[in-house]
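Residue numbers (my numbering): 753 to 1300. Here is the structure we will look at.
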Amino acid sequence: MTGQEEKVIVIDFGGQYNQLVARRVRECKVYCEIYSYRTPIEEIKAMNPKGIILTGGPNSCYEEGAPTYTKELFELGIPVLGLCYGAQLMNHILGGKVEKAPVREYGKTNTFIDGGKDSLFKGVEEETVVWMSHFDYISKPAPGFKILAHTADCPVAADANEEKKLYAIQFHPEVLHTVRGKDILYNFVRNICETQGTWKMDSFVENTIKEIRNKVGDGKVLLALSGGVDSSVAAGLLSRAIGKQLTCVFVDHGLLRKDEGNEVEAVFGKGGQFDLNFIRVNAQERYYEKLKGVSEPERKRKIIGEEFIRVFEEEAKKIGAVDFLAQGTIYPDVVESGLGGESAVIKSHHNVGGLPDFVDFKEIIEPLRDLFKDEVRKAGLELGIPEYLVFRQPFPGPGLGIRIVGEVSGDKVKIVQEADAIYREEIAKAAEEWKNENGHALPSAGKEATVDERFEHQYNSNPPWMPDQYFAALTNMRSVGVMGDERTYDYAVALRAVQTVDFMTAESAQIPFEVLQTAMSRIINEVKGVNRVFYDLTSKPPGTIEME
Ligand code: XMP
């Protein structure tokens, strides 16, 4: 059993929450994959799903050319849940009526439950808040369907043909604003679809290790280890599976956060907890040399990227031919590249595309290809990778190179590393205090916490102001200050902290003022070369998260 044979399929009609739906299903411990509505029914049938979920989408299902699906889907005897567009489409295909609603519903909406109290809405109060976002509505349920819920403006907020296990919900149970959303999805996925809940990270880790062994045999594997979450977890899995057949190349470009290079080496290098060939390339000076005199942001990015390829190429040549090149690709990468669902988001400017053609390899191996980011983190904990690696925030490839405005130098890197370390320390301290004061201390204080407890503690118990990404940057501006009796002429550091869902838009986080003040005074006292600290309030857009 891998946990993957019991699966729910999400059929994607282009809705913005498609990945979220799949993640919520997996939170019910049932494996879930996303496929475009263009996927033929034979393929869906062959996967033998326990249930099918139709997502939302931007179209009107009664319009010509709108995304649709064959009626046969509803005759397979497999439970189907339609969400928003999916709900409308299900009713439309089965003979109900969908039309433009007299009133558009958007946002949190009071909903009244009229039925399904032992099935889809089990445990949900008679009146509950849900998240609505629709222009069209179901004005007449399909024959055989009964209304299960309504709102003031929407006579069919949910309906169903319970005998055939076909359920349609106008609102979005996958978003957190739907107060009972998780329960509703759980009712569908676990009870209506009659699943056992076999998708767990410990069995995933165990099985993947076996699969890697089978696939690799006695072959050699090469992995570029960046020290980020994905490549670290991939390295951990591969090492557990094949030990010294794995070689990891870790390039320290001198633009990492404070102590990061040593931390990565401590875990994956000699004497660390994993058995593998670890090669650390100390290319710091090489990078600083290349970056000397360069202040234009795109040029800096280009130099850093190209130099990485050169360094990696040199190492690859020394290693010679390998059988596999390992990559830390994760499920959102697969979906967003258009292979999974409907919506192909192009993130080209961040992810350097293509494979390194200078590595002599036969095949690619991607052990994390099926996992969402939070699952990767859990797998990391299962493997025993320390929390400071597993819960690392996103860090850009060009590193501190794009957090130092203007020309980069070793001295400036040192300043920004020190300031950043202090800032992160203060935020971590304040977050921990908040957790302790608000009843989110680790539940098993005194004994070793389980992986799930540690994950909850780090991931789901944070203060409301907790940023999704935060760091210090060097503004490259110097100004006059006074320290003791002396006049100073030093750099200004900018502190950044943003809250974001998808990193495409972001708001500056409302860090408590005392935390900012403590960070500020510590930075000025402890970091030589800094006499001023700013807090960056800019949203994205118009700003970007990084400085350059
Ligand atoms: P921006 O600055 O574009 O950042 O608002 C959005 C997110 O992407 C990260 N980022 C990068 N990640 N290589 C990466 O791997 C890059 O060149 C890069 N530039 C930005 C940034 O940290 C943020 O999470």
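Each residue gets a CB set at the ideal place from its N, CA and C atoms; glycine is no exception. Nothing here was measured: the structure is a model prediction, and the numbers come from that model.
Chain-order list of residues whose beta-carbon lies under 8 Å from that of residue i (same chain, five-residue window excluded)
{"i": "residue 936", "result": "872, 873, 876, 921, 925, 930"}
{"i": "residue 1115", "result": "1075, 1076, 1077"}
{"i": "residue 1286", "result": "1227, 1244, 1245, 1246, 1247"}
{"i": "residue 1123", "result": "956, 1082, 1083, 1131"}
{"i": "residue 1104", "result": "Unreliable positioning characterises residue 1104 in this predicted model, as indicated by a pLDDT of 42, which lies under 50. The coordinate reading is nonetheless provided below. 1057, 1149, listed in sequence order."}
{"i": "residue 791", "result": "763"}
{"i": "residue 1240", "result": "1232, 1233, 1234, 1283"}
Between the CA atoms of residue j and residue i - distance to the nearest angstrom
{"i": "residue 1096", "j": "residue 1156", "result": "With a pLDDT of 45 at residue 1096, under the threshold of 50, the modelled position of this residue cannot be trusted; read the value that follows with caution. If you take the alpha carbons of residue 1096 and residue 1156, they lie about 32 Å apart."}
{"i": "residue 830", "j": "residue 994", "result": "40 Å"}
{"i": "residue 913", "j": "residue 842", "result": "11 Å"}
{"i": "residue 1036", "j": "residue 1006", "result": "4 Å"}
{"i": "residue 777", "j": "residue 1026", "result": "32 Å"}
{"i": "residue 781", "j": "residue 952", "result": "6 Å"}
{"i": "residue 1149", "j": "residue 1200", "result": "34 Å"}
{"i": "residue 1186", "j": "residue 1192", "result": "8 Å"}
{"i": "residue 1282", "j": "residue 1275", "result": "7 Å"}
{"i": "residue 1218", "j": "residue 1181", "result": "12 Å"}
{"i": "residue 1128", "j": "residue 1134", "result": "10 Å"}
{"i": "residue 1102", "j": "residue 1238", "result": "Model confidence at residue 1102 stands at a pLDDT of 44, short of 50, so the residue's coordinates are unreliable; what they give is reported in the following sentence. Their backbone Cα atoms lie some 44 Å apart in a straight line."}
{"i": "residue 721", "j": "residue 864", "result": "The chain is shown only over 753 to 1300; residue 721 falls outside these bounds and no answer can be derived."}
{"i": "residue 888", "j": "residue 1110", "result": "53 Å"}
{"i": "residue 1288", "j": "residue 1158", "result": "17 Å"}
{"i": "residue 823", "j": "residue 966", "result": "41 Å"}
{"i": "residue 802", "j": "residue 996", "result": "40 Å"}
{"i": "residue 900", "j": "residue 868", "result": "6 Å"}
Any non-hydrogen atom of ligand 2 closer than 7 Å to residue i Cβ
{"i": "residue 1150", "result": "Absence of ligand 2 is noted for the structure shown, with ligand 1 being the only ligands found."}
Buried or exposed (CB count within 10 angstroms, at least 16 for buried), residue i
{"i": "residue 1034", "result": "exposed"}
{"i": "residue 1264", "result": "exposed"}
{"i": "residue 1299", "result": "buried"}
{"i": "residue 1293", "result": "exposed"}
{"i": "residue 1175", "result": "buried"}
{"i": "residue 858", "result": "exposed"}
{"i": "residue 1256", "result": "exposed"}
{"i": "residue 1098", "result": "Residue placement at residue 1098 is poorly supported in this model, since its pLDDT is 37, which falls under 50; the coordinates still yield a value, given next. Answer is exposed; the Cβ neighbour count stays below 16."}
{"i": "residue 855", "result": "exposed"}
{"i": "residue 1249", "result": "buried"}
{"i": "residue 1100", "result": "A caution first: residue 1100 carries a pLDDT of 37, below 50, which makes its placement in the model unreliable, though a value can still be read off. Looking at its Cβ environment, which holds fewer than 16 other Cβ atoms inside 10 Å, residue 1100 is exposed."}
Close beta carbons around residue i, own chain, < 6 Å, minus the five adjacent residues each side
{"i": "residue 861", "result": "882, 884, 903"}
{"i": "residue 1229", "result": "1244"}
{"i": "residue 1030", "result": "1000, 1020, 1021"}
{"i": "residue 1170", "result": "1279"}
{"i": "residue 770", "result": "764, 786, 807, 1093"}
{"i": "residue 813", "result": "840, 841, 844, 850"}
{"i": "residue 1013", "result": "1004"}
{"i": "residue 1056", "result": "1150, 1153"}
{"i": "residue 895", "result": "847"}
{"i": "residue 754", "result": "959"}
Coarse secondary structure for residue i, derived from DSSP in three states
{"i": "residue 864", "result": "strand"}
{"i": "residue 953", "result": "helix"}
{"i": "residue 1110", "result": "coil"}
{"i": "residue 854", "result": "strand"}
{"i": "residue 900", "result": "strand"}
{"i": "residue 1289", "result": "coil"}
{"i": "residue 1203", "result": "helix"}
{"i": "residue 832", "result": "strand"}
{"i": "residue 1026", "result": "coil"}
{"i": "residue 1283", "result": "strand"}
{"i": "residue 1064", "result": "helix"}
{"i": "residue 754", "result": "coil"}
{"i": "residue 1223", "result": "strand"}
{"i": "residue 788", "result": "strand"}
{"i": "residue 1237", "result": "coil"}
Sequence-distant residues of its chain with Cβ nearer than 7 Å to residue i (five each side left out)
{"i": "residue 810", "result": "766"}
{"i": "residue 960", "result": "989, 1119"}
{"i": "residue 1142", "result": "981, 1129, 1132, 1133"}
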